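These notes are about the structure you will find just below.
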Amino acid sequence: MAAGEWWRHGVVYQIYPRSFADGNGDGIGDLPGITSRLDHLNDGTPDSLGVDAIWLSPFYPSPMADFGYDIADYTGVHPDFGTLDDFDRLVAEAHARGIRVLVDLVPNHTSDQHPWFLESRSARDSPKRDWYVWADPKPDGSPPNNWMSTFPSAGRAWTFDEATGQWYLHSFMREQPDLNWWDPEVRAAMDDVMRFWLDRGVDGFRIDVAHKMARDPELRDNPLVELGEGELSATELEARLAGQQRFDQNWPEVHEILRRFRRTLEQYDDRMAVGEVYLLDLATLAGYYGQGVDELHLVHNFVFVRQPWKAEAFRQTVDELWSLLPPGAWPAWFLSNHDHSRVATRYDEGGNGQARARVAAMMVLTLRGTPFLYQGEELGMADSEIPADRVIDIDGRDAERTPMQWDGSPGAGFTSGDPWLPIPGSAREVNVAAQREDPGSMLSLYRRLLWYRRGSAALRQGGYRSLTDTPGGLYAYLRTEGDERLLVALNFTGRPLRYDVGALAPAGRLELSTHPDRLPGGQVGLGPLEVGPDEGLVIRLP
Ligand code: GLC
Ligand code: CA
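In our numbering, the protein residues as written are 286 to 827.
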């Protein structure tokens, strides 16, 4: 493995800047706040979490219609988050701790307040008219086609502009007009944005909705889906259409755009891109690495995120993806981000959410690939209850975006002021300060997993083979490198399971258990191996 390929073995931690740490007491997280909390992420010792990189969700100037994913200036910092100097300081302090920095690149759309769009909408003959997707109404005055916004409550993907008599496309909110990637000037402008941040020292990009940039130039209708009762969420729509030809995304030209991004990155040392590719077909997803691995370095896999809590479902998804990846491609594994219900809530069934979240942590951190964690996941944070009058996101995602819980004080150590989203009462117990001291806490489990992984070549880069003779509900796999052989066994049921792996070895050494009271170190028999209810184990084979 090339030494430069840090992104193949590191662990990436996603920061949602608005909710991580508020440095000036205005209730909104900011860049100086992040800098002040870097030691939690990695201070070089196992007292810290031990991540290798952070990915920062957008902190750019924005009207905040979509909390920063509507960008009005790609090369600045929103005053709520600080200044470019604050950004430079954050990068320097992160690098000093060996933490790489990824920033969010949002190339599919801008804010409707971006000067590019203001110019584009000013007149039909504006030199930037073609930078966005404008189309005439149908003869009866209706929108150009049947495309819908990804956000159900935003309705159609088209908004009519009275002044110039045309519709513009927005795959998300009407405040987020889509750029027209068929225009070479748009491509050149985004190259400049990338270079701006690369020159400032960022280690790469997370590319927002990477699959959306290219669409049918003829703007043909999507195949119709039976909508049934009520609105169909974007996720369900994608699930129903998976594998079908859609005209509003995943157009073949997207691969040329991604190859162009890759060429820009390769003019620098050691930089990378991870794409958000919300396509629910694994073969299509694998195509985003490119034929010669010349597109994205890593691809976020939402098929994995959407699996039910079933051992067989996860095993199948992982094995299938591996069978489809082109040679040299490397997967990324994650279960949480700022758009999805948190694991501790999503997989909870009658109060086992925490136990399952611990098993999920072990899976993400021991599979072959690059793990991505989302802030608060290391505390087992659940979705927060948001009182009706505090709901502010268009797509109901506030519950997974409430402030990071640093301590048990009223502002949770996040802010000395009024937090922009409410802090749940549970923060009094569920917080970094309390969990740091408790060896049985979720945070202690995450620290052990990350630092163990750092010391294990088998986990970082070794081979992976799933075992198929397991009892129902058990996902077990081997990770091996040289003579280091690890067996990972994850019990997805609430019952104890027995699995005879005596053929591998009569006994092994218990390296890690997700059960808070089961201490590592002892010998465990393998003929049979006993795995407790909702328990995950890492066992070293002789
Ligand atoms: C991505 C982001 C999400 C945002 C959307 C539009 O899916 O993760 O938060 O709303 O793109 O930019
Ligand atoms: Ca602030």
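Glycine included, C-beta positions come from ideal geometry on N, C-alpha and C. None of these values were measured; they are calculated from a predicted model.
Residue i classed as buried or exposed, judged by whether at least 16 other C-beta atoms fall within 10 angstroms
i: LEU804; result: exposed
i: ALA617; result: buried
i: GLY515; result: Per-residue confidence for GLY515 stands at a pLDDT of 46, beneath the threshold of 50, marking its modelled position as unreliable; no derived number is given.
i: PRO302; result: buried
i: LEU334; result: buried
i: GLN576; result: exposed
i: HIS800; result: buried
i: ALA568; result: exposed
i: PHE481; result: exposed
i: GLN530; result: exposed
i: HIS236; result: Only positions 286 to 827 of the chain appear in this structure, which leaves residue 236 out of reach.
i: GLN808; result: exposed
i: GLY513; result: Here GLY513 scores only 47 on pLDDT, less than 50, and its place in the model is too uncertain to base an answer on.
i: ASP355; result: buried
i: ARG409; result: exposed
i: VAL676; result: exposed
i: ILE824; result: buried
i: HIS582; result: buried
i: THR655; result: buried
i: HIS394; result: buried
i: LEU822; result: buried
i: GLN552; result: exposed
CB contact flag (residue i, residue j, <7 Å)
i: ARG764; j: LEU771; result: yes
i: GLN639; j: GLY661; result: no
i: LEU759; j: ASN776; result: yes
i: SER621; j: TYR659; result: yes
i: PHE457; j: LEU390; result: no
i: ILE671; j: ASP683; result: yes
i: ARG750; j: LEU744; result: no
i: LEU735; j: VAL296; result: yes
i: LEU316; j: ASP371; result: yes
i: SER626; j: ASP668; result: yes
i: LYS497; j: GLN534; result: yes
Identity of the residue in the options nearest residue i by Cα
i: ASP311; options: ALA338, THR753, PHE366; result: PHE366
i: TYR632; options: ASP819, VAL603, TYR298, PRO364; result: ASP819
i: ALA558; options: GLY361, ALA338, GLU815; result: ALA338
i: VAL649; options: VAL603, PRO688, VAL578; result: VAL603
i: GLY308; options: ALA712, SER701, MET647; result: SER701
i: ARG238; options: PRO392, ALA629, GLU634; result: Any question about residue 238 goes unanswered here, given that the chain covers just 286 to 827.
i: ILE300; options: THR320, ARG293, TRP292; result: THR320
i: PRO508; options: LEU526, ARG783, ALA495, VAL487; result: LEU526
i: ASP446; options: PRO429, GLU722, GLN592; result: PRO429
i: ARG459; options: ALA774, ALA420, GLY440; result: GLY440
i: PRO709; options: ARG721, HIS540, ARG322, ARG686; result: ARG686
i: ASN431; options: ASP415, ALA448, TRP452, LYS413; result: TRP452
i: PRO437; options: GLU523, LEU795, GLY693; result: GLU523
Host alpha helix (DSSP H) of residue i (start-end)
i: ARG825; result: No alpha helix (DSSP H) holds ARG825; the beta strand (DSSP E) holding it covers 821-826.
i: TYR737; result: 727-739
i: ILE492; result: From DSSP, ILE492 is part of no alpha helix (DSSP H) but of the beta strand (DSSP E) over 489-492.
i: LEU706; result: Where LEU706 is concerned, there is no enclosing alpha helix (DSSP H), given that its DSSP letter is neither H nor E.
i: ASP389; result: No alpha helix (DSSP H) contains ASP389, which is instead part of the beta strand (DSSP E) from 385-390.
i: SER321; result: 316-321
i: ALA638; result: Note that residue 638 corresponds to Gly in the displayed sequence, not to Ala. 638-651 is the extent of the alpha helix (DSSP H) around GLY638.
i: SER405; result: 400-407
i: THR444; result: That residue, THR444, is in no alpha helix (DSSP H); its beta strand (DSSP E) goes 443-446.
Continuous beta strand (DSSP E) stretch holding residue i: start and end
i: TRP691; result: Counting along the chain, TRP691 falls outside any beta strand (DSSP E), and DSSP gives it neither H nor E.
i: LEU766; result: Contrary to the premise, residue 766 reads as Glu rather than Leu in this sequence. From DSSP, the beta strand (DSSP E) with GLU766 extends over 759-766.
i: GLN808; result: 808-810
### Task
With a cut-off of 6 Å, give the chain-ordered residues whose Cβ is closer than this to any heavy atom of ligand 1.
ASP351, TYR354, VAL391, PHE457, ASP493, VAL494, GLU561, HIS623, ASP624
#### Entry: Below 5 Å from a heavy atom of ligand 2 - residues by beta-carbon
ASP307, ASN309, ASP311, ILE313, ASP315
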